[in-house]
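A quick write-up on the structure given underneath.
In our numbering, the protein residues as written are 399 to 975.
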């Protein structure tokens, strides 16, 4: 009877929220329609008539945000591509969107990024104007969505227990108290959540961290108990659409190949063909600002392949900086070697620290980069000859490669998960090789079968641990005989953007008082949106360019699914399954 009363209350709340949601949705639709009716053609004409003679745009960092910013400058500002320069400290572009390797040495993805059709508003809009490498008459957006619709996700083995049983996760496993705590959180203003963690919010409800929901939500998005309550709340609101299908991960949008080959390469090709200047192996070590009030970037200090240089930023120029990167300082191991403990400080985070000392309003990197123990996790990529192991996993799960999304071993000391993408996953992957990716959130914990902390394990030891969790220990020798490589990747700051913080710790994309300077990354503040996504990088870039260049065009707003009555009703029903 208690449960029915709780459900009744929730349905009453849902009905009230739905009524409010109808009004809010109608107002939103009208607002959106008015925005879309703005005469963008007039803005195009204004841009066509602007003179950019002698003006330059400088991007610090060669990740998705900077590349998207360059594309917006070219497409929407009619800015000459040859007057755009992107500085990248590594030898390869794309930032955290990576995917590299060889058939002989094996392949590696440091991480896997979940795309989402419904909530990546600016991402799809931008890539709708970037030609596919395989079919120039088709956009990257069309290519990805067509592939995804042909290869839909429906995980049949989302959680697996220590005995190898695939768990029934249709129920989220909540108590009524936990449902109400989640509802209260979603409706609590963010200004009351400074420095709070998820664990603090559920301090009187330890059972919450044993629910099916927590295991699935945590591993899908890489949350920890000590992660920021800000970010957890934003994910719950922004991804409320996914809440009702978290057990199957049907909301995951697949790219035909890894994100480097499917997203970065076509964008890089587009920019190079237009004439953008890319300077790789070149680190921006410092930025000077004009002494006067306000924020005006004046000089870039470079380490260009070991040679110190400076670039003077002139009147009319703009400078857009990646203020931090989650994959900074990552290290790689191999089949017989653990990934070494990172020695390098995060180069983008260090630059952010330097500029915050020079001008107010540029945020505070310390909460994000102060505790490697809390911000690290480790991934591993397995390359094998043939498909023996993938076929065995398919027989276990019922998912063909590319259809199952994340499979989590909930009782694993490392909290290990794996993802098997459609094959091939790399543009240069031979047909007789297969790859898959996995990760563990608790790298300091000793394995259940390999009695070492994950961070101290070789690739072979990580795969051995996995095979035991799959209960394939009788087949270890034959599986290992086919292995080309298993590449561990230690990422000390990969969860840094989730660290507890104050609202003021993340800077605005364009800080107050800025005349020519903006910041883009997963560490800037964009109201209502969620970090650790491709959309966040693209949205930040669009905000930066449109603001600095005074562009009167629409930036796709955050879609308010949290006010959609149908979505809310599904969420309530899911919470009570």
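Even glycine gets a Cβ: it sits at the ideal position worked out from N, Cα and C.
- DSSP links residue 775 through a beta bridge to 889.
- Within the same chain, and ignoring the five residues on either side of residue 522 in sequence, the residues whose Cβ sits closer than 6 Å to its Cβ are 539.
- By the CB criterion at 8 Å, residue 833 and residue 779 fall inside the cutoff.
- The C-beta of residue 474 has 16 or more other C-beta atoms within 10 Å across all chains shown, which makes the residue buried.
- Annotation for residue 857: 731, 732, 733, 778, 883, 884, 885, 886 place their beta carbon closer than 7 Å to its own, counting only its chain and skipping 5 residues before and after.
- As summarised for the region 442-478, the continuous alpha helix (DSSP H) elements at least 4 residues long and confined to that stretch are 462-475, given in chain order.
- With respect to residue 838, residue 776 sits close: the two C-beta atoms are nearer than 8 Å.
- As computed with DSSP, residue 838 is found in a beta bridge with 776, 814.
- Here the C-alpha atom of residue 945 lies approximately 14 Å from the C-alpha atom of residue 694.
- Bounds of any alpha helix (DSSP H) do not take in residue 707; it lies within the beta strand (DSSP E) bounded by 705-710.
- In the displayed model, residue 696 falls within a strand according to three-state DSSP.
- By the neighbour-count criterion, in which a residue is buried when 16 or more other Cβ atoms sit within 10 angstroms of its Cβ, residue 844 is exposed.
- A Cβ-Cβ separation of about 12 Å leaves residue 455 out of contact with residue 669 under the 8 Å criterion.
- 729 is the residue among 729, 576, 460, 793 whose C-alpha sits nearest the C-alpha of residue 741.
- Boundaries of the alpha helix (DSSP H) harbouring residue 579: 574-584, taken from the DSSP string.
- If you draw a straight line from the Cα of residue 762 to the Cα of residue 752, it is about 10 Å long.
- A distance below 8 Å separates the beta carbons of residue 852 and residue 841.
- From the listed residues 461, 447, 615, the smallest Cα separation to residue 936 is found for 461.
- A distance below 6 Å between beta-carbons, with the five flanking residues on each side excluded, links residue 820 to the following residues of its chain, in chain order: 549, 799, 800.
- By the beta-carbon neighbour count (other beta carbons within 10 angstroms, threshold 16), residue 449 is exposed.
- In the structure shown, the three-state DSSP call for residue 783 is strand.
- Excluding residues up to 5 positions away in sequence, 920, 924, 927, 928 lie with their Cβ nearer than 8 Å to the Cβ of residue 934 in the same chain.
- Secondary structure note for residue 483: its beta strand (DSSP E) is the uninterrupted segment 482-485.
- Taking a 10 Å sphere around the C-beta of residue 972, we find 16 or more other C-beta atoms and assign the residue as buried.
- Per the coordinates, the alpha-carbon of residue 671 lies some 14 Å from the alpha-carbon of residue 481.
- Following the DSSP letters along the chain, one finds residue 682 inside the beta strand (DSSP E) bounded by residues 680-687.
- It is roughly 45 Å from the alpha-carbon of residue 610 to the alpha-carbon of residue 471.
- The Cβ atoms of residue 738 and residue 723 do not sit closer than 8 Å to each other.
- Rounded to whole angstroms, the separation of the alpha carbons of residue 516 and residue 547 is 13 Å.
- By DSSP's assignment, residue 916 forms a beta bridge with 718.
- By the C-beta criterion, the region 494-506 is judged to be in contact with the region 653-663, since at least 3 inter-stretch pairs fall below 8 Å.
- In the DSSP assignment, residue 923 is bridged to 906.
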